[in-house]
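Student: Just so you know, the protein sequences line up as chains B and D, in that order.
Read left to right, the first sequence gives residues 2 to 539 (my numbering).
Read left to right, the second sequence gives residues 2 to 539 (my numbering).
Using N, Cα and C, we set each Cβ at its ideal position, and we do this for glycine too.
From a predicted model like this one, the values you see are computed outputs, not experimental measurements.
The following block contains the structure, expressed as structure tokens.
There are 2 protein chains.
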Amino acid sequence: MHNHFHSNPDLRPAGERFFVRSEAGEDVPLRRIRLSDTPECFGGGRNPDFFMTDVTGGYGAADAGETVELVRRERPEPGSPTQLAAARAGVVTPEMAYAAARENANLEGFAASLSEPGLERVRDRLMPLLERVEPWTGERVRARVAARQAVIPAAFTHPEVEPTVIGRHFATKVNANVGTSASSSDWREEGRKMQEALARGADTVMDLSTGRCIRETREMILRGSPVPVGTVPLYETLERAGGDPLALSWEIFRDVLEDQARAGVDYMTIHAGLLLPHVELTRSRLTGIVSRGGGMMARWMKAFGRENFLYEHFDEILDIAAHYDLTLSLGDGLRSGSLYDGNDAAQFAELRTLGELNRRAGARDVQVMIEGPGHIPMPGVELNQLNEREWCDDAPFYTLGPLVSDVGAGYDHITAAIGGAMIAGAGTAMLCYVTPKEHLGLPDANDVREGMAAFRIAAHAADIARGVPGAILRDHLMSMARFEFRWPDQFALAVDPARARAFHDETLPGAAAQKAHFCSMCGPKFCPMKLAHELFKD
Amino acid sequence: MHNHFHSNPDLRPAGERFFVRSEAGEDVPLRRIRLSDTPECFGGGRNPDFFMTDVTGGYGAADAGETVELVRRERPEPGSPTQLAAARAGVVTPEMAYAAARENANLEGFAASLSEPGLERVRDRLMPLLERVEPWTGERVRARVAARQAVIPAAFTHPEVEPTVIGRHFATKVNANVGTSASSSDWREEGRKMQEALARGADTVMDLSTGRCIRETREMILRGSPVPVGTVPLYETLERAGGDPLALSWEIFRDVLEDQARAGVDYMTIHAGLLLPHVELTRSRLTGIVSRGGGMMARWMKAFGRENFLYEHFDEILDIAAHYDLTLSLGDGLRSGSLYDGNDAAQFAELRTLGELNRRAGARDVQVMIEGPGHIPMPGVELNQLNEREWCDDAPFYTLGPLVSDVGAGYDHITAAIGGAMIAGAGTAMLCYVTPKEHLGLPDANDVREGMAAFRIAAHAADIARGVPGAILRDHLMSMARFEFRWPDQFALAVDPARARAFHDETLPGAAAQKAHFCSMCGPKFCPMKLAHELFKD
């Protein structure tokens, strides 16, 4: 089955699609932003092209309505060495080379272009920042994967996936959740939400469907997604168990795991670290267990007085994961759902168990991410990253927020972006976005857009904090464009170009305003940037 | 002239207006949130009333369309001792008592109510948190004002103002900017924006008008505002100078200062710390000077080769400030407008000068706040607070963001809320909100709403981080309501009740959904909180 997605120019990101060749000879898509010249009144001169990662898989590149065919990459047969096995054997895989090319996007051709005539002013400014920057190579990515500080989620069964690397040494990634619930009516809407998420820069998507047509929705997402796809297999397990948590079983779960891996899911949340003794630790909580998968497993364990079957059968899970190179995202079933419960004994007991499971997976060449919270007061945010690094051997950390207050309903993308920026600045590798509908209802396409914007900002602020090579160049080019009133360049470099343009044009529409040396905020007489230009003219 | 504002039920915050008596015998308005009982299926029992600050001045309290008359408090004559002079003399003013009652809002009656029957469950949870909490008294507020760690901006000429205290030991305050620009057409619209800001919890408003009808706009804001009003007097000075920065003069400025203080402005941004030698430090900047007032003064100094007349005449400014108890907000004309310029020599040179001016003002019993940046990368945010505390003797710090990236155009309320939460967590006393229109155009009423929500979240997260007494109670009550599916209580406790309700009802409308034990995000079968309740039932 091929995807049935159509090109949608409304979801076209800034710039044009551009391909670089990876070390392994593959075409890697980037977005190329061409900046306009500096106006003569500001000294004239050219500005460099700037490149950004392109995760859209070509949606928006073709004409409106055209069916988009994703590139299907050659993938090894199931049973081949995983990325981790290859890395440990010293082999640089095509996926490592591909991911390296992507990580270099912001640096692409940048230093070289600065030596061209007309770029002297930009060169004087930015060249010093590039001197100590070392671009990524396949070999350097391999070393991080071998050290288990990074993962490349790319199942052997998912030819549509364009590989990306997740780890604290690389750019912070953002995951967007999509998926039906019993209260949503049209499962095809989830495809539109995925396209929206990709247009806004989602590095991975998780299909968290729990409603009707779980399999159809997942197949649509898998065949239509150029980014790694994650799932929570317990959801389909519960569906097959007739919706009754007490009817869950290892046998049903194993079949779901196998089916989903065969279908091409790249990473799965596995709630194997929530043990029977941990459940008791949640008794004194204010909001109990707020993870859906964690809640089901706790109910099952408590009812039967038996240990978590995912923990008991973890070796068999590893067998399947190794066979398909399925990346395990070890789930935090006990993440805190309120500030009151943040960083409590239950949460950290599970995190220690995730560390144990991570080591067992490592012994089987299975790639692992560790999931984190949740709701945490600001002073407690960093401790999560510190504990994770110590207890889970620096495996990539993947958090939901954290939300730094419980009262943000309607704006929880902001509550979560605050904690997300802080924890990613401290080393978290991937942030799961939160939308404005969190705690209130199922998000729609516009919520996806708002959530992605908040989290692209949080991730970018963290990249700057962590010194991700080239990340801050975008800010500097933006500020140069701002100081020279190059409005279209500002829109192109903004986190959501269409939104920035619409907001500007709302109060100052028309072609002339695109060149005006002011905006409606201060008006022409009070623009400080205009004044600043006059300062050193004499 | 009285205000001509009308009650608008759309702008009514949650709960009902409720008055407590200050130590000085004044009625201090709060919002009282009545929470519903815990459903029997969750064990039953009552929930305590919760009180929040009410800054609306009664807008929204009356029937629709009714004219709202603000309470006019008795104020001392100009020339009386300032709050600082009184504090130093050991006098607890009515304003200090009023502000203390406001700061205690979240604690109001809370501990007492927990001893009532039916509240045992809540008491067991929350009583331990209240044990070490000491409520504010007029005397304790006085001590902080006397130590110059806090200010109460309340001009003798502004009877409408309901006093509030600003300092790092108190709840983080949020300022909302309103005001015309040359590109806006209707100055009365600024009154509507002020009402919007008050409904969303603005602790102060600044009228930054630079367009037509500067005086009419300010008079409308002053007579209609129950919160302290700030201005930047250089704007009207430039207007009186015919719009030409080179025609600025001390004489015109002094007249403006005197006129605005007489009209009732409570605090003013004074750009007296930007000195002639500092201007040269901005030559190598990427975005020069981005403060409007700073830009004008730099232009004037550079053109004439003369020192800043605000610095030269600072003693005369202090005379006027002391006469009206005008609080000076020492402006950061050299705040950074880009990450590239963040924490540079120019910015910090000016901050050192602000420290000197702060000491001079202290010697004259004039209250002072210190303004801060701007655009700062995350790792540099805290340094601003640390330097300010050291160089400016712990005077209240008042920042614009800071924005932690330059590329957030269209979402810069989020970029700024991230830095704002971080710096307020480190001790900044007041945050100036940023709206989604920042860098793009003049905000409208909806932008005010979005900006206020983002900054109320940032301020609240910071209050929790700083341990502001009672602040986290709201989160705990919210999470209790969430865990018990008390939807109307969740809406009432949320940062924007109308938004939370609208988002919830969008996917699950109707009366039954207000009692449903799930929302559309997970649906009935997959709600983890529902499962969690079943866990410990046996």
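Anything in chain D within Cβ reach of T288 (chain B), meaning under 9 angstroms, just list it in chain order.
Tutor: The sequence position of residue 288 (chain B) within the first sequence is 287, counting from 1. By Cβ distance, chain D contributes S480, M481, R483, F484, M530 and A533.
Student: Name the chain D residues whose beta carbon is nearer than 9 angstroms to that of R475 (chain B)?
Tutor: The residue labelled residue 475 (chain B) in the question sits at position 474 within the first sequence. What R475 (chain B) touches in chain D: S406, D407 and V408.
Student: Considering just the uninterrupted stretch of the beta strand (DSSP E) at S521 (chain B), what are its terminal residues?
Tutor: Here residue 521 (chain B) refers to the residue found at position 520 of the first sequence. First-last for S521 (chain B): undefined, no H or E at that position.
Student: My output table needs one value for E75 (chain D): the three-state DSSP class, helix, strand or coil.
Tutor: The count along the second sequence starts at 1 and reaches residue 75 (chain D) at position 74. The answer is coil: DSSP assigns E75 (chain D) none of H, G, I, E or B.
Student: Assuming contact is defined by CB atoms lying nearer than 9 angstroms, are R76 (chain B) and P154 (chain B) in contact in what I supplied?
Tutor: The sequence position of residue 76 (chain B) within the first sequence is 75, counting from 1. The sequence position of residue 154 (chain B) within the first sequence is 153, counting from 1. Cβ distance not < 9 angstroms, so R76 (chain B) and P154 (chain B) don't count as in contact.
Student: Does chain D have any CB closer than 9 angstroms to the CB of A172 (chain B)?
Tutor: Within the first sequence, numbered from 1, the residue matching residue 172 (chain B) stands at position 171. Cβ-Cβ to chain D under 9 angstroms: no for A172 (chain B).
Student: Could you round the C-beta distance between R122 (chain D) and A446 (chain D) to whole angstroms and report it? I think they count as a contact, below 8 angstroms.
Tutor: As a position in the second sequence, residue 122 (chain D) is number 121, starting the count at 1. As a position in the second sequence, residue 446 (chain D) is number 445, starting the count at 1. Their Cβ separation, rounded to whole angstroms, is 41 angstroms, which puts R122 (chain D) and A446 (chain D) out of contact at 8 angstroms.
Student: Between the alpha carbons of Y99 (chain D) and S37 (chain D), how many angstroms are there, rounded?
Tutor: If you number the second sequence from 1, residue 99 (chain D) lands on position 98. If you number the second sequence from 1, residue 37 (chain D) lands on position 36. Those two C-alpha atoms are separated by around 30 angstroms.
Student: For T205 (chain D), count neighbouring C-beta atoms within 10 Å of its own C-beta (all shown protein chains included) and say buried if the count is 16 or more, exposed if not.
Tutor: By one-based count along the second sequence, residue 205 (chain D) stands at place 204. Classification of T205 (chain D): buried, given that the 10 Å Cβ count is 16 or more.
Student: Would the region 503-522 of chain B count as touching the region 218-231 of chain D if we require 3 or more Cβ pairs under 8 angstroms?
Tutor: no
Student: Considering only their Cβ atoms, is the gap separating S292 (chain B) from P1 (chain D) smaller than 9 angstroms?
Tutor: For chain D, the structure presents residues 2 to 539; residue 1 (chain D) sits outside this window and is missing.
Student: Run the CB neighbour count on A66 (chain D), radius 10 Å, all protein chains shown included, and call it buried at 16 or more, exposed below.
Tutor: Taking the first residue of the second sequence as 1, we reach residue 66 (chain D) at position 65. Sequence check: residue 66 (chain D) is Gly here, not Ala. Exposed, by the Cβ-count rule.
Student: Are V369 (chain D) and L387 (chain D) touching if we call contact CB-CB under 9 angstroms?
Tutor: Within the second sequence, residue 369 (chain D) is the residue found at index 368, counting from 1. Within the second sequence, residue 387 (chain D) is the residue found at index 386, counting from 1. The criterion of a C-beta distance shorter than 9 angstroms is not satisfied by V369 (chain D) and L387 (chain D).
Student: Where does the unbroken alpha helix (DSSP H) through S406 (chain D) begin, and where does it stop?
Tutor: Start at 1 with the first residue of the second sequence, and residue 406 (chain D) comes out as number 405. Premise fails: S406 (chain D) is in no alpha helix (DSSP H) and is neither H nor E.
Student: Tell me whether the beta-carbon of V408 (chain B) lies closer than 9 angstroms to the beta-carbon of M423 (chain B).
Tutor: The residue given as residue 408 (chain B) occupies position 407 in the first sequence. The residue given as residue 423 (chain B) occupies position 422 in the first sequence. No, the Cβ-Cβ distance between V408 (chain B) and M423 (chain B) is not below 9 angstroms.
Student: In this structure, how does DSSP classify L532 (chain B) when only helix, strand and coil are distinguished?
Tutor: As a position in the first sequence, residue 532 (chain B) is number 531, starting the count at 1. If DSSP states are grouped into helix, strand and coil, L532 (chain B) belongs with the helices.
Student: Return the first residue and the last residue of the alpha helix (DSSP H) that A460 (chain D) is part of.
Tutor: As a working note, residue 460 (chain D) is residue 459 in the second sequence. That run of the alpha helix (DSSP H) goes A446 to R467.
Student: Can you find a CB in chain D that lies within less than 9 angstroms of the CB of D497 (chain B)?
Tutor: Reading the first sequence from its first residue, position 496 is the one you call residue 497 (chain B). Closer than 9 angstroms to some Cβ of chain D, the Cβ of D497 (chain B) qualifies, so yes.
Student: Across which residues does DSSP place Y312 (chain B) in a beta bridge pair?
Tutor: Mapped onto the first sequence, residue 312 (chain B) falls at position 311. Bridge partners of Y312 (chain B): none, in fact.
Student: Cα separation between K174 (chain B) and T416 (chain D)?
Tutor: In the first sequence, residue 174 (chain B) corresponds to position 173, counting from 1. In the second sequence, residue 416 (chain D) corresponds to position 415, counting from 1. CA-CA distance, K174 (chain B) to T416 (chain D), rounds to 17 angstroms.
Student: Where does the unbroken beta strand (DSSP E) through G231 (chain D) begin, and where does it stop?
Tutor: In the second sequence, residue 231 (chain D) corresponds to position 230, counting from 1. V230 to T232 is the extent of the beta strand (DSSP E) around G231 (chain D).
Student: Leaving out five residues before and five after A462 (chain D) in sequence, what residues of the same chain have Cβ atoms less than 6 angstroms from its Cβ?
Tutor: Here residue 462 (chain D) refers to the residue found at position 461 of the second sequence. Contacts found: A422.
Student: If I'm right that E535 (chain D) touches R300 (chain B) with Cβ under 8 angstroms, what's the distance once you round it to whole angstroms?
Tutor: On the second sequence, residue 535 (chain D) is found 534 positions in, with the first residue counted as 1. On the first sequence, residue 300 (chain B) is found 299 positions in, with the first residue counted as 1. Confirmed, about 6 angstroms.
Student: Between the alpha carbons of A427 (chain D) and I419 (chain B), how many angstroms are there, rounded?
Tutor: Counting from one through the second sequence, the residue named residue 427 (chain D) turns up at place 426. Counting from one through the first sequence, the residue named residue 419 (chain B) turns up at place 418. Taking the straight line from one Cα to the other gives about 14 angstroms.
Student: Run down chain D in chain order and give the residues with a C-beta less than 8 angstroms from the C-beta of F527 (chain B).
Tutor: As a first step, residue 527 (chain B) is located in the first sequence; it is residue number 526 there, counting from the start. The answer, in chain order, is S182, A183, T211, Y236, L239 and R293.
Student: Is I371 (chain B) helix, strand or coil when you go by DSSP?
Tutor: Position 370 of the first sequence holds residue 371 (chain B). Strand.
Student: With a floor of 3 residues, list each beta strand (DSSP E) that falls wholly inside the region 187-255 of chain D, ordered by position along the chain.
Tutor: 205-208 and 230-232
Student: With distances taken between CB atoms, is the gap from V152 (chain B) to Q84 (chain B) smaller than 9 angstroms?
Tutor: As a working note, residue 152 (chain B) is residue 151 in the first sequence. As a working note, residue 84 (chain B) is residue 83 in the first sequence. For V152 (chain B) and Q84 (chain B), yes; Cβs fall inside 9 angstroms.
Student: How would you label R224 (chain B), buried or exposed, when you count the other beta carbons within 10 angstroms and need 16 or more for buried?
Tutor: Within the first sequence, residue 224 (chain B) is the residue found at index 223, counting from 1. Its Cβ being crowded by 16 or more others within 10 Å, R224 (chain B) is buried.
Student: Evaluate T288 (chain B) with the Cβ neighbour count: other Cβ atoms within 10 Å of its Cβ, from every protein chain shown; 16 or more gives buried, anything less gives exposed.
Tutor: Along the first sequence, one-based indexing puts residue 288 (chain B) at 287. T288 (chain B) is buried by the Cβ-count criterion.
Student: State yes or no: is the beta carbon of Q368 (chain B) nearer than 9 angstroms to at least one beta carbon in chain D?
Tutor: The sequence position of residue 368 (chain B) within the first sequence is 367, counting from 1. Q368 (chain B) does not count as touching chain D.
Student: Beta strand (DSSP E) containing K174 (chain D): first to last residue?
Tutor: Stepping through the second sequence from its first residue, residue 174 (chain D) is reached at position 173. First-last of the beta strand (DSSP E) with K174 (chain D): K174 to V179.
Student: Short of 7 angstroms in beta carbon distance, which residues of its chain neighbour A459 (chain D), apart from the five on each side in sequence? Order them along the chain.
Tutor: Looking up residue 459 (chain D) in the second sequence gives position 458. Excluding residues within five positions, the ones whose Cβ falls inside 7 angstroms are A418, G421, A422, A425 and L432.
Student: At the level of alpha carbons, what is the spacing between E351 (chain B) and L327 (chain D)?
Tutor: To locate residue 351 (chain B), count along the first sequence from 1; it is residue 350. To locate residue 327 (chain D), count along the second sequence from 1; it is residue 326. Cα-Cα distance, rounded: 56 angstroms.
Student: Quick one: which chain D residues come within Cβ less than 8 angstroms of F504 (chain B)?
Tutor: As a working note, residue 504 (chain B) is residue 503 in the first sequence. Those within 8 angstroms of F504 (chain B) in chain D are A410, G411, P437, K438, L441 and G442.
Student: Quick check on V142 (chain D): does DSSP put it in helix, strand or coil?
Tutor: Here residue 142 (chain D) is taken as the residue at index 141 of the second sequence, counted from 1. Note: V142 (chain D) maps to helix in three-state DSSP.
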